[in-house]
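Residue numbers (the numbering used here): 5 to 201.
Think of the CB as a built atom: it goes at the ideal place given N, C-alpha and C, for glycine as much as any other residue.
Dropping the structure here:
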């Protein structure tokens, strides 16, 4: 993809006219002259698949690893096993918002996710979503940020950052970062992890 940039006098940088950059396959249009975000009119897609209720939606089994800790001895590493994630597309959303309902023995979490505006372009061929946790059973006021990337219609990976700005139900603040890999198929824990390496 080739982008062509135009140099303009300094005074022109402060006008409110939209900034337009053209590419060979996708036209990108600046919003309001701020230059901070580009909306993409997709005339063709670089994505190997397009998410929908039948591609991406459904029930997944998830495995991964977490690292938490708050002392100078280093983090505590542990495995994440037997999580179930249910992905749903929200019908009321015009921009492809999804929800993810996570359950595990003794654990429940609900996430809402917005798609990256560049999904389906050469810059973002695999669909990426930015999520927050709205509620979970072990924290009253969760501060959890999640980056979720679909690697196929039947698999996704997410990086979870629990900031622990508020203590959990046991009064403990223990920030952590986690990688979770989810798939619809029946592979074992080891096979699932090895398939991503």
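To the nearest angstrom, report how far apart residue i and residue j are at their CA atoms.
i, j, result
"residue 184", "residue 59", "19 angstroms"
"residue 71", "residue 82", "7 angstroms"
"residue 3", "residue 170", "Lying before the first or after the last residue shown, residue 3 is absent from the chain, which here runs from 5 to 201."
"residue 106", "residue 135", "13 angstroms"
"residue 73", "residue 158", "32 angstroms"
"residue 112", "residue 152", "18 angstroms"
"residue 44", "residue 146", "Low per-residue confidence applies at residue 44: pLDDT is 38, beneath 50, and the placement is therefore not dependable, though the value from the model is reported in the following sentence. Each residue's Cα considered, the two are about 33 angstroms apart."
"residue 172", "residue 166", "11 angstroms"
"residue 110", "residue 86", "11 angstroms"
"residue 180", "residue 78", "12 angstroms"
"residue 65", "residue 108", "10 angstroms"
Evaluate residue i with the Cβ neighbour count: other Cβ atoms within 10 Å of its Cβ, from every protein chain shown; 16 or more gives buried, anything less gives exposed.
i, result
"residue 54", "exposed"
"residue 150", "buried"
"residue 29", "Model confidence at residue 29 stands at a pLDDT of 42, short of 50, so the residue's coordinates are unreliable and nothing is read from them."
"residue 176", "exposed"
"residue 76", "exposed"
"residue 162", "buried"
Contact check, residue i vs residue j under 8 angstroms by CB: the rounded distance?
i, j, result
"residue 130", "residue 154", "6 angstroms"
"residue 67", "residue 84", "6 angstroms"
"residue 62", "residue 188", "6 angstroms"
"residue 119", "residue 133", "5 angstroms"
Residues in its own chain within less than 7 angstroms of residue i by CB, not counting five upstream and five downstream?
i, result
"residue 116", "101, 103, 135, 136, 138"
"residue 57", "93"
"residue 178", "72, 73, 74, 168"
Enumerate in chain order the residues of its own chain whose CB-to-CB distance from residue i is below 6 angstroms, with the five nearest sequence positions on each side excluded.
i, result
"residue 80", "72, 73"
Once you ignore the five residues that flank residue i on each side, which residues in its own chain have a CB closer than 8 angstroms to its CB?
i, result
"residue 69", "81, 82, 83, 84, 182, 183"
Three or more C-beta pairs below 8 angstroms linking the segment 132-147 and the segment 85-92: Counting C-beta pairs with one atom in each stretch, the segment 132-147 and the segment 85-92 have fewer than three that are closer than 8 angstroms, which means they do not touch.
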